[in-house]
Amino acid sequence: MLKKISNIGDCGITCDFGDEVDKKTNKEVIKLFNFIQESVKNKKIKGILNYTPSYNKLIINFDLGEVKSGEVIEFIKSNDYSKTVFSEKSKLVEIPICYDEEFALDIKRLEKKTKLNFNEIVKEHLNTDFFVYMIGFVPGQPFLGDLKKNLYHDRLDTPRVKINKGSVGIVEKFCTIYTFESPGGWNIIGKTPLNLFNIKKREASMLSPGDSVKFKSVNKKDLLTFKNE
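If you read the sequence shown in this note's numbering, its first letter stands for residue -2, the second for the next number, and so on.
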């Protein structure tokens, strides 16, 4: 449920759904995200430049020359976005992952913390039905929940300067996939050959908030010979 709307600077507002980080709250964020997206597409509101969902908030940026914050806020408050059909916009995506020790950089650390062995950690990860909470940090990078508590672990004390593209990492209840080479402090447990972001495609990001993800284990040979469409 939308709790409050606040201005952030001259050209932006934050739609705040509270402090909880859970699927129920995030689905409400995504409903508003989808509503704004459809409204912009159908030209029901002008001047909207960007709308970015997080775990429990939606930030909307706009062109001050075309629309004022009060107009955007009134537009949201005067429409029942809760009727936005969530299920029709979401999809299930299967993502291949190789857990070979060459790519599972932090598996020993995780084994020590969780008291689970390698095979148990892999089984738990594969059996998790992941929900895409948001896309961010770098283009196309998904933040997936929810891991079971027996896999929870903190970030690395010292983040790595370079994480290879395709690396799959976990921190606390979340899992992420590095869509580009970048710094990072997540616990790396494997690698996917799947390209989740392609600027040349109409839908550059393969995943969107509200989608579901299942991982499928592949061996190193499959990873190295995998061809993206």
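Ideal placement from N, C-alpha and C gives every residue a C-beta, glycine not left out.
Problem - Inter-residue Cα distance where the pair is V69 and T111 - result: 47 Å
Problem - Length of the line joining the Cα atoms of N39 and I27 - result: Using only the alpha carbons, I get a separation of about 18 Å.
Handout entry: Beta bridge counterpart(s) of F171 as assigned by DSSP
Key = According to DSSP, F171 bridges with G142, V168.
Problem - Rounded C-alpha distance that separates V37 from E99 - result: 45 Å
Problem - Residue range of the unbroken beta strand (DSSP E) whose run includes D13 - result: 9 to 13
Exercise for the section: For E226, name the three-state secondary structure that DSSP assigns. Expected result: coil
Exercise for the section: Spatial neighbours of V168 within its chain, please: CB distance less than 8 Å, with the 5 preceding and 5 following residues excluded, ordered by chain position. Expected result: H150, D151, R152, G182, W183, N184
Exercise for the section: Let me know the secondary structure DSSP gives E91 once reduced to three states. Expected result: Looking at E91 - three-state DSSP - the assignment turns out to be strand.
Handout entry: Start-to-end residues for the alpha helix (DSSP H) that takes in K28
Key = 20 to 38
Problem - T173 versus E71: straight-line alpha-carbon distance, rounded - result: Roughly 35 Å between the two C-alpha positions.
Handout entry: Bridge partner(s) assigned by DSSP for S202
Key = F194
Problem - Inter-residue spacing [alpha-carbon to alpha-carbon] between K213 and L123 - result: 7 Å
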